[in-house]
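Residue numbers (numbering that gives the first Met the number 0): 0 to 263. Single-structure report; data block below.
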Amino acid sequence: MGPNRRDVSSPSPSQRRARLYTIPISHYGERARWALERAGVSFEEVHVLQMFSWIAAKRRGGKKTLPVLVTSDGVYNDSALIVDYAAEHGAPELRASRVPEHVELEAEIVGPFGVESRRIVYEWVGRSRSVALRTNAGWAPAWQRIAFAALFPVGQRILTRYLDAKPEAMAAARAVVDRTFDRVGEMLGDGRRFLCGDAFSRVDLAFASMAAPCILPTTYGVPLPSPGELPADVAARVLAWRAHTAGAFALRLYAEERRKTPVT
Ligand SMILES: N[C@@H](CCC(=O)N[C@@H](CS)C(=O)NCC(=O)O)C(=O)O
């Protein structure tokens, strides 16, 4: 097994191992691996760093983004399709809902909220270079990690422009996170245990994984930094989001619903 691969469970010899290609730190990758791990699907995770991911994605999935799941029965090139796959292979509770409000809520969470919560990471990557490189690396191959570290300043400029991490965009991202947290907090105000009622669903999984860049859960699929390692203003925001009803809810989902991954 190479250093960029992670075995999640032992398959029977006759089973063809599925492969999940992810950018290790990506919360869309997290959504996919959480769903597959929950379903008990046997898969190997292959870590690919940003920009190298474009090639891996095009080659395996035809689009420009990861995650991509490659199985003996097909290729699934979006985290939503991978959640569907998990639902059909051991986690029926992750099936798509037919209730329009649930469908709309999940779309909002993985769409506008997920895009903005990802931007939050750019509040600290440029200011905490060594933490960023360590956190970002996952189990990507050494050549990618070395190239990424060497190209970090240039890569950061490209990604800053590509993902729009200018101060106004960052403020707007924080506002979207705050609004979504408030909306989720209000929903939980009626005492429900989960976003769609009494049982864990794909909407909960989506919310917890998309919220992860803001609350930095310790049981994320790859190690994230602790708030103490980040600039004080960023750490303060992480702690405030963790204390928010919605942040505390996401942390509870991580504690109670996220299977611990055996890393080999
Ligand atoms: N809708 C896609 C979004 C995935 C996505 O945005 N992946 C990012 C990493 S977080 C990516 O590969 N970005 C590369 C790019 O946009 O060029 C999904 O849910 O799988």
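Ideal Cβ placement from N, Cα and C applies to all residues, glycine included. Since this is a predicted model, take the numbers as computed values, not measurements.
Is it right to say residue 156 is buried, meaning 16 or more other beta carbons lie within 10 angstroms of its own, or is it exposed? exposed
Any heavy atom of ligand 1 inside 6 Å of the beta-carbon of residue 163? no
Can you tell me which of the three DSSP states residue 1 falls into? Confidence at residue 1 is low in this model, with a pLDDT of 38, below 50, so its placement is unreliable and the value that follows should be read with caution. Of the three classes helix, strand and coil, the one that applies to residue 1 here is coil, per DSSP.
Residue 20 (DSSP reduced to helix, strand or coil): strand
Tell me which same chain residues have a C-beta within less than 8 Å of the C-beta of residue 67, skipping the five on either side of it? 19, 20, 55, 56, 59, 60, 74, 75, 76
Please state the DSSP three-state secondary structure of residue 238. helix
Check for me: the beta strand (DSSP E) holding residue 93 runs from which residue to which? That residue, residue 93, is in no beta strand (DSSP E); it is neither H nor E in DSSP.
Return yes when the C-beta of residue 78 is under 6 Å from any heavy atom of ligand 1, and no when it is not. yes
Quick test of your reading: residue 246 and residue 198, contact by CB under 8 Å. State the CB separation rounded to the nearest angstrom. Not confirmed; about 21 Å, so no contact.
Return the CA-CA distance between residue 236 and residue 214, expressed in angstroms with no decimal places. 9 Å
Which of helix, strand or coil DSSP assigns to residue 196: strand
Nearest-angstrom Cα distance between residue 241 and residue 97? 31 Å
Taking residue 17 as the reference, which of 52, 195, 233, 35 has the closest Cα? 35
Is residue 150 buried or exposed, if buried means 16 or more other CB atoms sit within 10 Å of its CB? exposed
Whole-Å CB distance - residue 27 paired with residue 110, under 8 Å assumed: Not confirmed; about 11 Å, so no contact.
Neighbour-count burial assignment, residue 134, 16 or more Cβ in a 10 Å radius: buried
Output the boundary residues of the alpha helix (DSSP H) element that contains residue 46. Here residue 46 belongs to no alpha helix (DSSP H); instead the beta strand (DSSP E) covers 42-46.
Could you check if residue 217 is buried or exposed, using at least 16 other CB atoms within 10 Å of its CB as the buried criterion? exposed
Taking 6 Å as the cut-off, is the C-beta of residue 64 nearer than that to any heavy atom in ligand 1? yes
Determine the extent of the alpha helix (DSSP H) in which residue 219 is found, giving its start and end residues. Note, residue 219: premise wrong, no alpha helix (DSSP H); not H, not E.
When burial is assigned at 16 or more other CB atoms within 10 Å of the CB, is residue 23 buried or exposed? buried
Less than 8 Å between the CB atoms is what I'm expecting for residue 88 and residue 40, so what's the real figure, rounded? 5 Å
For residue 147, which option in 29, 257, 50 has the closest C-alpha, if you only look at C-alpha atoms? 50
Bridge partner(s) assigned by DSSP for residue 70: 73
Please report the Cβ distance between residue 30 and residue 208, rounded to the nearest whole angstrom; I am assuming they are in contact, meaning their Cβ atoms lie under 8 Å. 4 Å
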